[in-house]
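This report refers to the structure that appears directly beneath it.
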Amino acid sequence: MKLKKQVTVCGAAIFCVAVFSLYLMLDRVQHDPARHQSGGNFPRSQISVLQNRIEQLEQLLEENHEIISHIKDSVLELTAHAEGQPALPHHTSNGSWVLPPESRPSFLSVSPQDCQFALGSKGQSPDLQMLAVYSLLPFDNQDGGVWKQGFDITYEPNEWDAEPLQVFVVPHSHNDPGWIKTFDKYYYDQTQHILNSMVLKMQEDPRRRFIWSEISFFSKWWDNISAQKRAVVRRLVGNGQLEMVTGGWVMPDEANSHYFAMIDQLIEGHQWLEKNIGVTPRSGWAVDPFGHSSTMPYLLKRSNLTGMLIQRVHYAIKKHFAATQNLEFMWRQTWDTDSSTDIFCHMMPFYSYDIPHTCGPDPKICCQFDFKRLPGGRINCPWKVPPRAITEANVAERAQLLLDQYRKKSKLYRSKVLLVPLGDDFRYDKPQEWDAQFLNYQRIFDFLNSQPNLHVQAQFGTLSDYFDALYKKVGIVPGMKPPGFPVLSGDFFSYADREDHYWTGYYTSRPFYKSLDRVLEAHLRGAEILFSLALAHARRAGADGTYPLSDYALLSNARRNLALFQHHDAITGTAKEAVAVDYGVRLLHSLTNLKHIIINAAHYLVLGDKDTYRHDPAAPFLSMDDTRPSQDSLPERTVVKVDVSPRFLVVFNPLEQERLSVVRVLVNSPHVRVLSEEGQPLPAQLSAHWGSDTDTVPDIYQVSVLARLPALGLRVLQLHKSFEGHAALQSSVRLYLPGLNLPMRRQEPVPVHVLPAGAEDVCLENQHLRACFSGRSGTPQSIRRAGEEREQRVSSEFLVYGTRASKDKSGAYLFLPDGEAKPYAPNDLPVVRVTEGPLFSEVASYYQHVQTVVRLYNVPGVEGLSLDVSCLVDIRDQINMELALRFSTDIDSEDTFFTDLNGFQIQPRRYQRKLPLQANFYPMPTMAYIQDRQSRLTLHTAQALGVSSLGSGQLEVILDRRLIQDDNRGLGQGLKDNKRTCNRFRILLERRTAASQSSSFFSTLASMFNALGFPSARTGSPEAQDGRPISFPSLLSHITSMHLNAEALVMPVAQEKPAPPPLRSFTPLSTTLPCDFHILNLRMLQAEQVESLPSAEAALILHRKGFDCSLEAKNLGFNCTTSQGKLALGSLFQGLEVGSLQPTSLTLMYPLGTASNSTNIHLDPMEIATFRIRLG
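Letter by letter, the sequence shown follows residues 1136 to 2311 of this note's numbering.
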């Protein structure tokens, strides 16, 4: 009790100091005579006075923040050993459950300077902002003649007299690591022959060039070639004949992929190149991803690349950029005010990356210079004019014809240097094609270069040869901004290649595998971190001889399988059915291996006596939390058998923040109680385990436990069979049946009340929210936040899209609906099941094709501030059906909504009425939101899906699509291999503080800055004050997304009898990480000599998130502090020392500065930084 009084006193002290400090600040600002004028219209004489006042205000705010931080640290010290268990819930007289207030205080202490970032600061506006470009263009698709989607290009013959045209023809072969064939089949049938021929043919003439992108294929080939061949490859790379472009494991999809996996596949490729060939990629090459994200240029820039190329961009944008000579630009991030994220980007101008669409505007002519199509071959030119072999007799005429195309193409760019790709899918797989292309082109080049009057210099080149020549021509070093070239910000979604054929279907295609991808990603990150920590502790204790280092080979294999699935025909859902199965088998294989790695690491870390550690692969110490019988199965959770002797659970929290979570376990008895490691009872709820809408599974029950889990740590819990007090509290169930004749199995331990389908709404409530549902349909209707009078309409409905009746129909890539969505009309009314209990309540509704569960957690903190939604979809009996879930609210969002790019950044969107419905869908890897001046509603997702807002106040997500026909993009199949798929979401409703009447800290702060002439924060409109579209999630939104995507893993101790050795919870972090910092990865690096073993070093990858302070942030349930980007790494890991710390480029290829003894680091908002670190 004495300790609690101390805590209360200190808490009151914080409040008093904060209020008093703010009062003083406001008093000094508001009574300042220099502030008598309104807005920002100050006389020039007062500008310096104003500047001083602003600086004083900033200093006061910082002092106030430091005072609060000091008091907070003192209170944390006092409460560190206080009673940390959540208190037990109890029933009130009116029948509702109440959780006693938390025994531990929680803080939100955000530095005011950290809030300034989201407001945007004055910087140079980009010349091209993609949201503005979309608003400007008519999208009229006029016929452009030979360049059908463009225009007629003319030039004067003497234009190159003063400065000759420099042409670089870049031979390439695009190798998909799985599409029509599996990865292995492609390798054996084609890729190995391409690379073998490359070694042979490139040596025949030193003027030949070739570029290669996909390291997944290259590494497989490397493992199968001789030392002599490897030496030749290194020589070809060294002398500039062969260039490795981008250097990722694959050429990733940029719509559905998450930034963790995008970075990981880039690191995997770059590390392989460095270790095996000793080369660092300089230029990016992305000719086939279906639209381009602005995350990719950021990652390439952070990896030290200086140039990049993209291809699949909406044909109307290509035409507009071509007409204005804006096809080459510096690509800048929307939040960047100092050009530090700029990277030079080349956009290809025409329809495709194949040879007919790369030499110039006329494909009929360009096809005549694809010498694989010479008469007698297997492919020909669709334009009916075949290529002709180049001879002495025809070289002048043929060269002139080709030069005309080169000149026309060069008119679309600002420099006199021209890039001409020469390749296509799986090209150069036979020596004859190498001869046909290289010999005929060399004859043309020799002729052109021998004619001074033509003013052209033509040659084979690599991508970097082209960029280097361009930089040299404009007089800059690589990476700098060329004078006269525009700056662009924004992204290139959504993509259309012709007419109204928008590639927006693949945002959802095969959602089962999109979900499995994220499950594997979460497990990989968890396994990486836990393996790194366990190995560091084992090495420090001298026990690494007993630790299973063989796990590193499994970890490496999992990295590569996740990386492979980021390929633009894998995660997209656009490969053949057999190829999708091959990907699924790989993903499941690695998921199982990662669970073993996590189990082995957790086993070592929770042992009280590490000397007792014995690794036995045949009898793992811990069991898995769930298993999947096959690659297309949903997970089946492990059932724990409880007995009078305790069963132990080890719970892993993969988040870098402590979390208060409801942990769910299946048990075989209703008589169970849950204790902490020390034997204290924990709040627990007993529920039935449902096998169908009306049937429970006999002898299996769900126990839900409220547990506080340490950051990145392991918590030990005990399960006891108990017929006495402190047993898990029962939930109650009301089952609303549309017809009372449905059979139902009753089970006594969990009472079930069967009722006829109800017309009245059902409401669930916790201390933060009240959510109401339709009694008849079970769908949400409204949400009311605690302390608010008004209910906010948040209703949902299921909708169905068909496909159009004309020749062009929806398929794996394309979304071509038959008009607006129609309401989903199942044959029967749903069964609605309402469960209420002390820790969570939920409403489940069972329709014919979709089962939904909407859960409200009755817990303090993050999990209780949003609605948890899961949709189990099964449309296998449908034909040409796309199932959508639409949320409708009274938020006045007008035509603006916001979607994330790769889970990394937010991109404002605008519903374009001039475009067809399908053009207004965008990728949603992790979240989408709508907002107005009062509220923001965020839909968080655990899997990538397509999203839109087709009306004010709406958010709509496509859950699954079953399509019978191909959409004529080369796949040759529809989407008919649908699975039972579980889509998981969180709905977060936040109030904007600027709009609330309360004098909250941030609204006061915002009004102070407004009064001083600062621009106000943007609300519903996507434009910030300087015209840069910019938006960020709140801190609560970021953390909600993390909770959804990184679930706690529950691992029962396998050994039932005798009792296991003493176990101890593992808390790896000695200090709380600032809550805008995210540990993206702690990735053990490969040993120098032995590929299958780890080295002593790891890559620590940190991301400092940008966040919006204008949304209320209270009751987070954990301590949240920001530090203006400062972090002391030296004292971060408990029981481990940071032996060395070397900042590097993103993929560890370049050291940044020298390694210093200091372990204090600083990150700017949105920055991702990599450190080579040695823990021990």
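C-beta: ideal position from N, C-alpha, C; glycine also.
Sorry if obvious, but does the Cβ on residue i come closer than 7 Å to a heavy atom of the ligand FAD?
| i | result |
| --- | --- |
| residue 1266 | For the structure depicted, the ligand FAD is absent and the ligand set is empty, with no information on it obtainable. |
What are the boundary residues of the alpha helix (DSSP H) that residue i is part of?
| i | result |
| --- | --- |
| residue 1825 | Careful: residue 1825 lies outside any alpha helix (DSSP H), inside the beta strand (DSSP E) at 1819-1825. |
| residue 1646 | 1646-1675 |
| residue 1250 | 1247-1254 |
| residue 1577 | 1566-1584 |
| residue 2070 | No alpha helix (DSSP H) holds residue 2070; the beta strand (DSSP E) holding it covers 2070-2076. |
Let me confirm a value: residue i is counted as buried when at least 16 other C-beta atoms fall within 10 Å, else exposed. Which label applies?
| i | result |
| --- | --- |
| residue 1514 | exposed |
| residue 1963 | exposed |
| residue 2238 | buried |
| residue 1326 | buried |
| residue 1730 | buried |
| residue 2213 | buried |
| residue 1778 | exposed |
| residue 1499 | exposed |
| residue 2291 | exposed |
Under 7 Å Cβ to Cβ from residue i, same chain only, skipping five residues before and after it: list those, please.
| i | result |
| --- | --- |
| residue 2244 | 1245, 1250, 1253 and 2137 |
| residue 1298 | 1551 |
| residue 2312 | No statement about residue 2312 is possible, as the shown extent of the chain runs from 1136 to 2311 and does not include it. |
| residue 2055 | 2046, 2047, 2083 and 2085 |
| residue 1806 | 1856, 1857, 1858 and 1862 |
Quick one: residues in its chain with C-beta nearer than 8 Å to the C-beta of residue i, no 5 flanking neighbours on either side, listed in chain order?
| i | result |
| --- | --- |
| residue 1898 | 1905, 1906, 1907 and 1908 |
| residue 2326 | In this structure the chain extends from 1136 to 2311, so residue 2326 is not present and cannot be described. |
| residue 1931 | 1914, 1915, 2020, 2021, 2022 and 2023 |
| residue 2175 | 1997, 2000, 2001, 2073, 2075, 2121 and 2123 |
| residue 2285 | 1415, 1439 and 2279 |
Tell me the residue span of the beta strand (DSSP E) that contains residue i.
| i | result |
| --- | --- |
| residue 1855 | 1849-1856 |
| residue 1836 | 1831-1844 |
| residue 1501 | Run containing residue 1501: none in the beta strand (DSSP E); it sits in the alpha helix (DSSP H), 1498-1501. |
| residue 2035 | 2031-2036 |
| residue 2236 | 2229-2239 |
| residue 1981 | 1975-1981 |
| residue 2181 | From DSSP, residue 2181 is part of no beta strand (DSSP E); its letter is neither H nor E. |
| residue 1920 | 1915-1920 |
| residue 1369 | Counting along the chain, residue 1369 falls outside any beta strand (DSSP E), though it belongs to the alpha helix (DSSP H) covering 1362-1373. |
| residue 2212 | 2212-2221 |
| residue 1530 | Note, residue 1530: premise wrong, no beta strand (DSSP E); alpha helix (DSSP H) at 1530-1545. |
Keeping to the same chain, check which residues put their C-beta closer than 6 Å to that of residue i; ignore five residues upstream and five downstream.
| i | result |
| --- | --- |
| residue 1957 | 1935 |
| residue 1647 | 2114 and 2116 |
| residue 1980 | 1913, 1965, 1967 and 1987 |
| residue 1338 | none |
| residue 1871 | 1890, 1892, 1893 and 1967 |
| residue 1328 | 1564 |
| residue 1510 | 1521 |
| residue 2178 | 1997 |
For residue i, list the residues DSSP reports as bridge partners.
| i | result |
| --- | --- |
| residue 1098 | The displayed coordinates of the chain run from 1136 to 2311. Any statement about residue 1098 would go beyond what the structure contains. |
| residue 1891 | 1872 |
| residue 2261 | 2297 |
| residue 2308 | 2233 and 2276 |
| residue 1443 | 1419 and 1480 |
(Q) Pairs of beta-carbons, one from the segment 2064-2077 and one from the segment 1621-1638, closer than 8 Å: are there three or more? (A) no
Q: Flag this pair as touching only if the segment 1648-1664 and the segment 1788-1800 have three or more C-beta atom pairs under 8 Å; answer yes or no.
A: yes
Q) Should the segment 1438-1446 be regarded as contacting the segment 1472-1484, the criterion being three or more beta carbon pairs within less than 8 Å? A) Touching, per the Cβ criterion.
Q | Any 3 or more C-beta pairs closer than 8 Å across the segment 1772-1788 and the segment 1851-1860 | A | yes
Q. For the 8 Å Cβ check, are there 3 or more pairs between the segment 1409-1420 and the segment 1592-1599?
A. yes
Q) If we count Cβ pairs, one from each stretch, closer than 8 Å, do we get three or more for the segment 2034-2045 versus the segment 1393-1405? A) yes
Q.
Would you call the segment 1682-1691 in contact with the segment 1734-1754, where contact means no fewer than 3 C-beta pairs closer than 8 Å?
A. yes
**Q.** Contact the segment 2195-2204 vs the segment 2089-2102: 3+ CB pairs below 8 Å
**A.** Segment contact: the segment 2195-2204 against the segment 2089-2102, fewer than three CB-CB distances shorter than 8 Å; contact not assigned.
Q. Does the segment 1559-1574 come close enough to the segment 1612-1624 to have 3 or more Cβ pairs within less than 8 Å?
A. no
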